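Have a look at the structure below before the remarks.
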Amino acid sequence: MSKLTKKSSQIKSLDAKVKPVAEAINRRAFLKGSSLMAGGAALATTISPVMMKKAEATSTNGSNTKEVKTICTHCSVGCGIIAEVQNGVWTGQEPAFDHPFNKGAHCAKGAAIREHGHGERRLKYPTKLVDGKWKKVSWETAINEIGDKLLDIRQKSSPDSVYWLGSAKHSNEQAYLFRKMAGMWGTNNVDHQARICHSTTVAGVANTWGYGAMTNSYNDIHNSKAVLMIGSNPAEAHPVALQHIFKAKEENNAPIIVIDPRYTRTAAHADHYLKIRPGTDVPVIWGMLYHIFKNGWEDKEFIRQRVYGMEDIKKEVAKWTPEEVERVSGVPGNQVFAAAKAMADNRPGTFIWCMGGTQHTIGNNNTRAYCVFQLALGNMGVSGGGTNIFRGHDNVQGATDLGVLANTLPGYYGLSSGSWKHWSRVWGLDYEWVKGQFDKGSYEKSKGKDVHVMNTKGIPVSRWIDGVLEDKGNMGQKDNVKAMIFWGHAPNSQTRGVEMKKAMEKLELMVVVDPYPTVSAVMHDRKDGVYLLPAATQLETYGSITASNRSIQWRDKVIEPLFESLPDHTIMYKLAKKLGIADQLCKNMKVTNDEPLVEDITGEINAGMWTIGYTGQTPERLKLHQKNWGTFDYTSLKAEGGPADGDFYGMPWPCWGTGDMYHPGTPNLYDASLPVAEGGLTFRAR
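If you're matching positions, the sequence shown starts at 5 in the working numbering and goes up one per residue.
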């Protein structure tokens with residue numbers, strides 16, 4: 005028997021074994037026997053991109069099969085996925101070949117997204133820790149016991165003694181509801197992962213020209229004549245984004261410049277690789293600007309028309325001679341010169357950074373320097389230029405925009421009384437009632453006057469440990485943090501593990517809301533006072549998410565929540581009901597079986613987010629874009645024909661006005677060549 009014949013016989017034998025299982029498959033059977041699929045998933049991740057082709061097969065007669073358009077839940081690129089569901093079971097997936105972001109591409113993480121629907125390691129039901137052992141409890145019991153303890157802490161200490169730690173894995177609607185819920189509980193002790201990733205980006209970029217976000221898009225990199233990456237490794241972190249970079253390389257012969265202490269897989273593709281000492285980003289950028297100014301390569305007309313203060317920058321840059329830059333950074337002067345010349349000779353060029361540039365004690369300095377570099381070359385407000393900041397989680401941009409932060413309300417409104425009054429009007433609530441939910445008194449003074457607690461910044465996620473362990477007399481609030489709610493946040497992503505363990509053990513209550521039992525459940529030596537609540541995954545709920553380029557996409561539910569898990573916004577409503585604030589929390593929303601209607605939450609976001617233009621992306625328009633995503637151009641992201649004709653995909657914010665004004669979205673920030681009504685914008689520096 006030949007090898008081929010032998011292999012064919014084995015396949016036929018396997019088919020004979022699998023066929024009865026496939027025919028009898030249903031949701032319950034699938035959950036019991038999901039390991040049958042593991043081999044196929046492993047094989048799928050080894051397929052070469054050269055072999056990539058859309059699979060086609062005839063549907064099994066009588067099978068109840070449907071295809072669901074959805075969005076990958078991993079990184080901020082926001083790739084489209086087509087999920088195949090049979091009888092409530094997620095049985096297959098493909099990258100969306102007509103999606104404008106990925107055009108049929110997938111990375112290894114995206115290709116494995118279906119594993120969310122298997123549930124092997126999922127939290128299956130609410131549990132609590134009793135005498136060192138996990139005990140199954142009902143949702144009603146869990147919510148009642150948690151609620152009673154929170155109310156007890158509120159009465160004995162203050163609302164600030166409960167810390168609400170949110171997530172970049174929430175949808176926009178869930179993130180918004182979470183921040184709103186913390187406010188109605190009466191605290192600004194609310195934060196999420198963005199605090200320790202791109203918060204320095206938001207501060208640096210927003211204070212340079214207006215908005216704390218990526219200025220252009222992954223797709224717009226197609227128009228770049230040069231690509232500079234610092235602290236960024238898209239080959240591993242954002243693989244589909246690297247395809248857009250390669251398109252610029254192949255079609256425009258764009259030189260790729262990588263600045264990184266490590267020789268990464270991305271650096272392997274670079275024309276210029278600058279190996280810097282960690283933390284010397286600014287000296288190297290100033291060193292490049294030294295050559296740009298010395299040789300007169302700066303865009304003088306752009307600077308004259310649109311930049312203030314560049315003369316001060318020139319004075320500082322003049323100190324960073326090639327010799328000084330090499331002494332500080334370790335990068336030879338000829339390499340710095342070559343990189344500067346490559347950027348100056350090939351315009352427009354894009355500047356890309358990730359958390360390698362932000363997670364520093366001088367992260368704000370870094371991001372400001374990156375922005376100044378692009379201003380000097382006139383690379384802002386133009387297609388192919390900009391600062392293309394690759395964010396991490398799929399909705400970390402959205403969660404930041406929606407104000408899951410200790411220092412602001414949704415839309416970056418801050419915490420002033422005027423901001424609270426604005427949102428109180430949006431919520432349809434009396435401002436004095438909202439104010440009354442907060443602790444009475446003041447912890448801070450401004451210009452000699454007391455600052456009310458509701459106008460005081462909360463504890464950031466990087467310091468919640470101190471909120472628990474610090475001496476009460478040193479606290480900027482009435483009492484220590486007594487309860488932590490980890491809602492979609494694994495604390496092992498932070499440093500100070502030893503102190504964190506002590507803090508967890510000192511808490512009176514710890515609540516973990518997550519699809520999986522994160523390290524929160526095990527890194528302490530507690531015997532009681534811990535609850536694990538099973539949240540549905542992002543693919544078992546629906547709503548909108550904001551990609552790194554500010555495009556807002558509608559993500560449809562693929563399957564119903566597995567086991568006893570519930571959508572996050574349902575859990576929020578149940579807890580709010582126990583805490584006595586549900587009526588206020590969802591005053592403008594239809595609620596069915598304890599689940600607020602997601603579209604109503606989106607509408608409330610539209611009604612309040614005027615600062616950054618989250619107002620025109622109504623649920624109806626977002627769903628229209630999702631349904632017709634194949635009509636949007638791969639490079640410009642503009643719809644060519646179809647019902648969304650003229651719109652930019654996902655209506656990247658700012659999308660001014662109400663939905664019926666049909667603003668197309670703003671694909672490239674600060675493009676002064678277009679009218680505002682067509683996606684143009686001037687700098688909005690603070």
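From the three backbone atoms N, C-alpha and C, an ideal C-beta is built for every residue, glycine too.
Here the structure is a predicted model, which is why all the values come from computation and not from measurement.
Hey, how far is the Cα of residue i from the Cα of residue j?
i    : j    : result
D664 : I549 : 21 Å
E448 : T365 : 25 Å
Q630 : T69  : 20 Å
I609 : Y535 : 31 Å
I605 : V408 : 15 Å
H110 : T219 : 24 Å
Y571 : T205 : Before going on, a small fix: residue 571 reads as Pro here, not Tyr. Rounded to the nearest angstrom, the two C-alpha atoms are 31 Å apart.
G645 : G418 : 40 Å
A586 : E71  : 35 Å
L678 : W614 : 21 Å
S450 : P104 : 49 Å
G415 : R183 : 11 Å
I249 : P243 : 10 Å
A380 : G291 : 13 Å
S466 : N411 : 13 Å
N370 : T391 : 13 Å
D303 : I85  : 42 Å
M576 : E603 : 16 Å
M508 : K486 : 10 Å
T522 : E255 : 45 Å
S387 : P99  : 27 Å
S569 : P519 : 7 Å
N176 : W138 : 32 Å
G650 : K642 : 6 Å
In the structure shown, what three-state DSSP assignment does residue i receive?
i    : result
C375 : helix
E124 : coil
G96  : strand
A403 : helix
W742 : It is not possible to answer for residue 742, since the shown part of the chain is limited to 5 through 690.
A547 : First, the residue type needs correcting, since residue 547 is Gly and not Ala in the sequence shown. Three-state DSSP puts G547 in a strand.
D483 : coil
Y638 : coil
V526 : coil
Y435 : helix
I197 : The amino acid at residue 197 is misidentified as Ile; the sequence shows Gln. Reduced to three states, the DSSP call for Q197 is helix.
Q4   : The structure shown does not extend to residue 4, since the chain spans only 5 to 690, so no value can be given for it.
H397 : strand
K451 : coil
Y577 : helix
L413 : coil
L570 : strand
P238 : helix
Could you check how far apart the C-beta atoms of residue i and residue j are, in whole angstroms? I think they sit under 8 Å.
i    : j    : result
K505 : L473 : With 8 Å as the limit, K505 and L473 do not qualify as a contact, their Cβ atoms being about 11 Å apart.
V515 : I150 : 6 Å
K476 : D483 : 6 Å
V231 : A252 : 6 Å
W189 : P163 : 6 Å
T268 : A245 : 14 Å between Cβ atoms; not a contact.
I563 : M655 : In fact, because the Cβ distance is near 28 Å, the residues do not count as touching under 8 Å.
W213 : Y618 : Actually they are not in contact, since the Cβ atoms of W213 and Y618 sit about 19 Å apart, beyond 8 Å.
M359 : G235 : 7 Å
K453 : N350 : About 54 Å separates the two Cβ atoms, so there is no contact after all.
C79  : A241 : 7 Å
G620 : G683 : The pair is not a contact, with the Cβ atoms about 12 Å apart (cut-off 8 Å).
Would you list the residues sitting across from residue i in a DSSP beta bridge?
i    : result
Y167 : M488
N392 : I356
H456 : S446
L232 : I261, F355
G84  : I75
K132 : K139, Y535
F652 : K642
M514 : M488, V534
query: Given 8 Å as the limit, is there contact between the stretch 223 to 231 and the stretch 337 to 356, that is, 3 or more CB pairs closer than that?
result: yes
message: Three Cβ pairs or more, each shorter than 8 Å: is that satisfied between the stretch 334 to 343 and the stretch 270 to 288?
response: yes
task: Inspect the CB distances between the stretch 578 to 591 and the stretch 197 to 209 and report whether three or more fall short of 8 Å.
output: no
- prompt: Do the stretch 192 to 206 and the stretch 389 to 396 make contact, defined as three or more Cβ pairs closer than 8 Å?
  reply: yes
message: Pairs of beta-carbons, one from the stretch 489 to 499 and one from the stretch 120 to 137, closer than 8 Å: are there three or more?
response: no
message: Contact between the stretch 165 to 175 and the stretch 183 to 197 is defined here as three or more beta-carbon pairs at a separation below 8 Å; is this criterion met?
response: yes
message: Count Cβ pairs between the stretch 139 to 159 and the stretch 539 to 554 that sit closer than 8 Å; are there 3 or more?
response: no
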